[in-house]
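Protein chains in written order, with this note's numbering: chain A, 713 to 932; chain B, 713 to 932; chain C, 192 to 401; chain D, 192 to 401. Where a beta carbon is used, it is the ideal one built from N, C-alpha and C, also for glycine. Treat the numbers as computed from the prediction; the structure is a model and nothing was measured. This report concerns only the one structure given below.
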Amino acid sequence: MDGIHDMGGKQGFGRIAVEEDYIFRSAWQRRAFALVEALAWSTPYNTDQHRHAVECVPPADYLRLDYFENWIVASEMLLKEAGLVDQSELDDGRKHFDVDQKSHAPVGVHEIVDATKAGADLRFPEDTQSARFAVGQSVLVSHTQAAGHTRVPRYLRGKTGRIVSDEGVFQFADAVVAGRGPDPQHCYTVVFSAQDLWGEEAQVGDSLCADLWEAYLEPA
Amino acid sequence: MDGIHDMGGKQGFGRIAVEEDYIFRSAWQRRAFALVEALAWSTPYNTDQHRHAVECVPPADYLRLDYFENWIVASEMLLKEAGLVDQSELDDGRKHFDVDQKSHAPVGVHEIVDATKAGADLRFPEDTQSARFAVGQSVLVSHTQAAGHTRVPRYLRGKTGRIVSDEGVFQFADAVVAGRGPDPQHCYTVVFSAQDLWGEEAQVGDSLCADLWEAYLEPA
Amino acid sequence: MSKQSKGSDKGHTDGHGHEHDPLEEGAALRVRALEEIVVAKGLVDPEALDSIVEYYERETGPRNGAAVVARAWSDPEFKNWLLQDGTAAINSMGFRGVQGEHIRVIENTDETHNVVVCTLCSCYPWPVLGLAPAWYKSPAYRSRVVREPRVVLEEFGFELPRGTQVRVWDSTAEVRYLILPVRPANTGDLSVEELAQLVTRNGMIGTAAV
Amino acid sequence: MSKQSKGSDKGHTDGHGHEHDPLEEGAALRVRALEEIVVAKGLVDPEALDSIVEYYERETGPRNGAAVVARAWSDPEFKNWLLQDGTAAINSMGFRGVQGEHIRVIENTDETHNVVVCTLCSCYPWPVLGLAPAWYKSPAYRSRVVREPRVVLEEFGFELPRGTQVRVWDSTAEVRYLILPVRPANTGDLSVEELAQLVTRNGMIGTAAV
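Next comes the structure, spelled out in structure tokens:
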């Protein structure tokens with residue numbers, strides 16, 4: 713999706729507010745973060761789906777709202793889609809119907825911390841998928857743009873880079889969000905020359921690396 | 713400038729409000745349009761410069777504000793840059809200093825209508841510049857992106873098309889806004905295959921034409 | 192969007208009830224402030240403001256374009272001239288001026304349907320169509336019609352004939368585009384004036400058949 | 192921006208005085224409404240909300256990353272392991288968990304300075320750096336650092352040594368990046384704990400030298 717979230721290389725956003733060094737500025741931001749984390753346990757969305765829901769926030773809102781408010785807007789979308797909350801409840805802040813507690817049990821105090829500490833390994837055994845590309849090989853980033861969630865930024869499409877490393881076999885975020893299952897495949901770190909990306913305004917020798925799933929790449 | 717105004721191909725803006733068929737919805741929009749038109753006569757900005765000023769409206773504002781409010785924001789910027797109005801005046805809506813009337817005479821009632829009816833031919837005689845490309849030739853749209861005003865959309869960069877017609881020699885908008893004078897050059901209509909632009913989601917046989925100044929093009 | 196941003200922007204009701212929209216009120220105040228300043232400074236004559244809008248409202252608009260189209264449907268020689276040198280042919284009918292200095296007329300055929308946009312701002316052939324409607328200037332139209340013109344035409348209620356290819360014209364430089372629609376069937380006995388009544392503004396942008 | 196939009200958005204004061212910002216108040220109300228609904232429905236245990244934020248605030252943060260960096264500066268064998276298999280070496284120090292499942296450590300050298308971004312959202316190595324600061328998630332940082340990293344580094348007050356190349360790392364997939372800064376000169380006699388005091392969060396993102 714060639715959405716507003718795909719910020720790399722866009723111009724006109726002005727200087728960086730270096731002084732905005734806080735993580736949470738307000739109590740509601742702290743609460744919003746916690747809500748999104750906790751809801752992921754009792755409701756059917758994962759990190760990739762939540763990320764895509766943020767991408768689907770209307771562009772004018774995406775730019776205007778606080779980062780954590782966009783997270784909440786995304787969670788509202790996902791909860792509505794799942795039929796767990798409806799708009800009338802969001803409008804007046806009160807519960808209008810119950811949900812099935814068995815299939816939507818809340819995460820417990822210790823359970824959430826333990827699981828957060830454990831993390832979620834998204835890799836598959838290396839030998840489950842053969843690698844199409846080798847380190848050192850030149851690759852072209854596909855022009856084709858997925859209509860839904862994708863993790864190849866617009867500024868890399870159609871550009872040629874070189875494989876720096878094979879990071880192993882990972883579940884494929886595009887496929888997960890599209891409902892096609894994990895579609896495990898190799899993910900490579902690819903290096904691009906800054907001048908190839910940005911033309912002569914970039915300095916010779918400067919470069920950029922990105923991790924790209926195999927489906928995004930073609931032999932150069 | 714790879715700015716928020718460069719909308720072609722972006723996703724996430726939702727359905728088109730076909731029912732918003734009005735030109736002016738409010739009296740202030742009518743007034744805003746007239747102000748921008750009239751100010752161009754007494755102050756040092758032309759259409760290209762005003763267009764670029766609109767492009768420089770902060771992205772969150774660009775998307776949130778009404779079309780005509782963005783026009784006014786742009787005019788405010790240009791008037792401030794020219795030293796004809798200052799921020800304190802805009803803040804309280806009152807004049808704080810006078811401007812030189814001789815060099816900034818207002819346009820008259822008949823003068824503005826007559827000039828509008830006449831238009832402004834932006835062409836130069838055809839024989840003042842040789843044409844680098846011929847009808848039928850394949851051309852590549854340059855990857856290099858001007859930092860300032862430019863009229864080649866992002867979605868055409870790096871794409872190959874075919875010259876459909878030579879529209880003649882025109883002043884070059886990029887140069888005008890950059891203060892490099894008219895830099896007259898041929899401007900070509902170039903046709904692109906929709907599949908080359910958007911991949912397989914586009915229909916075979918569909919196409920897109922755009923007018924591109926010679927400086928944007930390279931032999932393919 | 193009104194629902195999305197309800198919590199933080201209560202007055203905004205997404206295109207409806209704009210008279211009480213704080214965004215709208217803010218814009219009105221802002222325009223008024225600028226007008227008062229530049230009038231007080233003598234940079235603008237208030238009567239010139241009235242006259243320029245009145246000019247566009249009285250002397251431009253889609254009726255001009257419709258007259259051009261109807262004449263082209265009725266007069267093959269004029270049509271040839273119009274397609275060869277749109278600016279001159281249109282000027283000859285008295286339609287000329289800002290944003291109409293360089294007009295190219297594109298003919299729809301059974302093979303190809305054409306549709307016009309300006310993805311970078313809102314370029315539009317003012318002398319023959321008047322000022323652009325709000326939807327033409329919207330991010331949704333500008334972003335989508337180049338990428339998925341067929342879906343966009345559907346949203347306009349326009350059913351593209353089977354087998355017709357679509358060509359989009361992005362108004363990126365100084366040429367402005369006017370679409371010459373396909374003349375409807377069974378209109379052989381209509382006068383030029385009657386034909387002109389059939390032509391809509393959207394037909395001349397390409398978001399309607401005629 | 193506050194000046195630009197003054198007329199239509201009077202309460203917004205561009206990063207200052209946010210306590211009375213209607214946008215901010217709207218967001219707070221919205222979050223509270225959602226919390227009340229999902230707690231009432233039993234989808235969330237309010238104590239779990241407290242515990243997850245407390246976990247991040249107490250057990251993650253740049254002090255973790257600084258300990259990793261200081262140890263790498265002091266222990267060549269650990270440094271080798273860290274650069275070969277960042278995740279395992281970092282796990283061995285007890286730092287692990289969500290957004291730290293796959294960490295790659297990139298070493299700054301006199302030849303190459305590295306800087307990390309996530310242009311598509313806000314990916315960040317939580318176990319070693321904590322949650323991301325606001326600027327890291329801002330459109331300005333995300334849009335600009337890939338295109339003009341040298342200008343961005345200047346805005347952070349970081350003077351790039353002459354002849355040093357810049358490499359930007361865009362966190363587009365599942366690997367998260369931690370920068371290993373160049374060990375400052377004249378720190379040979381510092382303990383690991385003293386070295387860790389020198390390391391800043393921005394140094395481990397790449398927007399500062401150390």
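Close to chain C, meaning a Cβ-Cβ distance shorter than 8 Å, are the following residues of the region 769-784 of chain B: Leu775, Arg776, Leu777, Asp778, Tyr779, Phe780, Glu781, Ile784. Contact annotation: the region 288-305 of chain D touches the region 347-359 of chain D, with at least three C-beta pairs closer than 8 Å.
Ranking Gly252/D, Thr251/D, Asp276/D by CA distance to the CA of Ala263/D puts Asp276/D first. CA-CA distance, Trp326/C to Arg763/B, rounds to 19 Å. Rounded to the nearest whole angstrom, the C-alpha separation of Leu344/C and Ser334/C is 14 Å. Take Lys807/A, set aside five residues on each side of it, and the residues of its chain with a beta-carbon closer than 8 Å to its own are Glu801, in chain order. Interface residue (Cβ-Cβ distance to chain B less than 8 Å): Trp264/C is not classified as such. Separation of Cys309/D and Thr363/D (C-alpha to C-alpha, rounded to the nearest whole angstrom) is 7 Å.
Check the Cα spacing between Ala744/B and each of Tyr779/B, Pro770/B, Ala772/B: the tightest is with Tyr779/B. Residues of chain D whose Cβ lies closer than 9 Å to the Cβ of Asp833/A are, in chain order, Glu292, His293.
For His304/C, the enclosing beta strand (DSSP E) covers residues 303-308. Judged by beta-carbon spacing, Leu225/D lies within the 8 Å limit of Glu788/A, meaning their Cβ atoms are closer than that value. In terms of beta-carbon proximity, Tyr734/A lines the interface with chain D, with at least one pair separated by less than 8 Å. Glu749/B belongs to the set of residues whose beta carbon lies under 8 Å from a beta carbon in chain C. Setting aside the 5 residues that flank it on each side, Ala231/C has no residue in the same chain whose C-beta is closer than 8 Å to its C-beta. Annotation: Phe736/A is outside any alpha helix (DSSP H) and is labelled neither H nor E by DSSP. At a Cβ-Cβ threshold of 8 Å, Ala261/C and Leu351/C do not count as neighbours. For Gly880/B, the enclosing beta strand (DSSP E) has its first and last residue at 872-882. Taking Leu322/C as reference, the option from Ala890/B, Gly715/B, Arg742/B, Gly721/B with the minimal CA-CA separation is Arg742/B. Following the DSSP letters along the chain, one finds Asp923/B inside the beta strand (DSSP E) bounded by residues 919-925. The beta carbon of Cys899/B is closer than 6 Å to those of Glu879, Phe882, Asp923, Trp925 in its chain, skipping five residues each way along the sequence. The beta carbon of Gly724/B is closer than 6 Å to none in its chain, skipping five residues each way along the sequence.
In the DSSP assignment, Gln897/B falls within the unbroken beta strand (DSSP E) covering 897-905. Inter-residue distance for Gln849/A and Arg776/B is about 45 Å (C-alpha atoms, whole angstroms).
At a cut-off of 8 Å between C-beta atoms, Trp326/C counts as an interface residue with respect to chain B.
At least 8 Å separates the beta-carbon of Ile297/D from that of Val319/D.
DSSP assignment within the region 201-261 of chain C yields the following whole alpha helix (DSSP H) runs of 4 residues or more, N-terminal first: 213-231, 237-250. Under the three-state reduction of DSSP, Ile728/B is assigned to coil, being neither helix nor strand.
Of all alpha-carbon atoms in Asp839/B, Gly720/B, Val821/B, the one lying nearest the alpha-carbon of Leu240/C is that of Val821/B. Contact of Asp276/D with chain A is not assigned, every C-beta pair being separated by 8 Å or more. Using beta-carbon distances, Gly397/C does not count as an interface residue toward chain B, since no partner is under 8 Å. DSSP places Leu371/C in the strand class (E or B) of the three-state scheme.
At the C-beta level, Val811/B and Val785/B stay beyond 8 Å of one another.
The closest CA to that of Gly288/C, considering only Glu912/B, Gln761/B, Asp804/B, Asp833/B, is found on Asp833/B. Taking a Cβ-Cβ threshold of 9 Å, none of the residues of chain A is close to Lys792/B; the smallest such distance is about 16 Å. Comparing C-alpha distances from Glu215/C to each of Glu781/B, Thr901/B, Phe845/B shows the shortest one belongs to Glu781/B.
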